[in-house]
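Per this note's numbering, the sequence shown starts with residue 943, numbered consecutively. Glycine is no exception: its CB is placed at the ideal position from the N, C-alpha and C atoms. Note that the structure is predicted; figures quoted are calculated from it, not measured. Some notes on the structure that comes next.
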Amino acid sequence: MGEPVGMQDVVNNVVNKVSDFVHGAPDAGGGPGGRGEAIAGHVASLRNACETAKQRDKTEAAFHWATSMAGGPITAAITAARMTFDSKAGALTQHLDTEMNALDAAVKREILPHLGAPSQLRGDAKHWVSLASRVQKVQNTAKALVAVDGWSDKASPEYAKAVSVQVGALASLSAIMDEVAVSCRQGAMLNDAGFEEVVQELLGARNKILGSGSGGGSFYQRTAAAIHTVVTLRIAVDPELLKSLRAAIKIDEHSSRVLSSTDLPADHWPGGNAPTGINA
């Protein structure tokens, strides 16, 4: 006498879900009024702050040149100096524009496409909890089949051992699924924290640029400081740094790791009296 017909099929279906389930498809997550729209607004605000810094520097420099040339004739030396100054100022403002465009592109490439990750991870967690619940129900069914009333021949102990193996295997599988669900929830919180950090960095950069004063005799100090601020911020949202944040929780890798650390490889299910945490 063996296992009830159909039970192994249910088990196999559950195992297949564990090995086939993959989360994390890119999701814009940036509908009207959502986080994506807010982040885009912060980027635009930062760009406006850079424009303000450039304009303040330009006005300050223009006042300096107007004052310098008011007291006498405009000589060739003054004209040459003004051309050199304007060339360097133009290079600085162009540099800031280039860095701001690069930051904007990095945010659109590395942040906005993944804003749906927290929501999807929470959905993944519910999926795993649901699977764990299904496995627990199968486990309860298996427990009830360990002993069969009225059956006491020589095959009975072997049958009981075989079913006990299945009960242990199902318990291990359910625990794995619960662990992955916890990891999904942790991943959602980690992503939420990462996106909020990006928002705060954008706000901080804007406020820093707007609060920058004159150079006290040096010109285009605001623009130069803005370049440094924008470059520093771009480093914070570029692939390598964000990758370390997102890679902390990759459910597909985590799932493979926890599965391989047990006696339940995804492509094999114990049969007969194969031990799974019990002495058969």
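**OP:** Kindly give me the distance between the Cβ atoms of Ala1048 and Asp1180, rounded to whole angstroms, as I take these residues to be in contact under 8 angstroms.
**Re:** Rounded, the Cβ-Cβ distance is 6 angstroms, consistent with contact.
**OP:** Measure how close the beta-carbons of Glu1139 and Leu1175 come, nearest whole angstrom, since I'm counting them as under 8 angstroms.
**Re:** Not really, about 11 angstroms apart at Cβ, beyond 8 angstroms.
**OP:** Just the C-alpha distance for Arg1051 and Leu1057, rounded to the nearest angstrom, thanks.
**Re:** Looking at the two C-alpha atoms, the distance is approximately 11 angstroms.
Subject >> Secondary structure of Ile1151, DSSP reduced to three states >> reply: Residue state, collapsed to three classes: helix.
**OP:** Sort Ala1086, Gly1110, Asp1066 and Ser1116 by Cα distance to Val909 and report the nearest one.
**Re:** The structure shown does not extend to residue 909, since the chain spans only 943 to 1222, so no value can be given for it.
**OP:** Evaluate Ala1089 with the Cβ neighbour count: other Cβ atoms within 10 Å of its Cβ, from every protein chain shown; 16 or more gives buried, anything less gives exposed.
**Re:** Answer is exposed; the Cβ neighbour count stays below 16.
Subject >> Contacts around Ala1067, its chain only, beta-carbon distance under 7 angstroms, and the 5 residues preceding and following it disregarded >> reply: Excluding sequence neighbours, Ala1067 sits near Ala1123, Cys1126 and Arg1127.
**OP:** Would you check if the distance between the CB atom of Ala995 and the CB atom of Ala1168 is smaller than 7 angstroms?
**Re:** Yes.
**OP:** Please state whether DSSP places Thr1009 in a helix, a strand or coil.
**Re:** Shown here, Thr1009 sits in a helix according to DSSP, grouped into three states.
Original post:
So His1037 is in the alpha helix (DSSP H); what residue range does that whole segment cover?
Top reply: Counting along the chain, the alpha helix (DSSP H) containing His1037 begins and ends at Ala1018 to Glu1052.
Subject >> Close beta carbons around Val985, own chain, < 8 angstroms, minus the five adjacent residues each side >> reply: Leu1045, Asp1046, Val1049 and Leu1144.
**OP:** Leaving aside the five residues before and after Leu1152 along the sequence, list all residues of the same chain whose C-beta is less than 6 angstroms from its C-beta, in chain order.
**Re:** The residues are Ala991.
Subject >> With 16 other Cβ atoms within 10 Å as the buried cut-off, status of Ser1114 >> reply: Label assigned to Ser1114: buried.
**OP:** Flag this pair as touching only if the stretch 1081 to 1095 and the stretch 1104 to 1114 have three or more C-beta atom pairs under 8 angstroms; answer yes or no.
**Re:** Cβ pair count under 8 angstroms is three or more, so yes.
**OP:** Compare the beta carbon distance of Arg1164 and Leu988 with 7 angstroms and say whether it is the shorter of the two.
**Re:** Leu988 sits away from Arg1164, with the two beta carbons spaced by 7 angstroms or more.
Original post:
Alpha carbon to alpha carbon, how far is Trp1070 from Met1119?
Top reply: Whole-angstrom Cα-Cα distance: 6 angstroms.
Original post:
Leu1038 and Val1172 look like a contact to me (Cβ under 8 angstroms); what is the Cβ gap, rounded to whole Å?
Top reply: Between Val1172 and Leu1038 the Cβ distance is about 7 angstroms, and since that is below 8 angstroms, they are a contact.
**OP:** Kindly indicate which three-state DSSP category Phe1161 falls into: helix, strand or coil?
**Re:** The answer is coil: DSSP assigns Phe1161 none of H, G, I, E or B.
Subject >> Where Gln997 falls, given that 16 or more other Cβ within 10 Å makes a residue buried >> reply: So Gln997 ends up on the exposed side.
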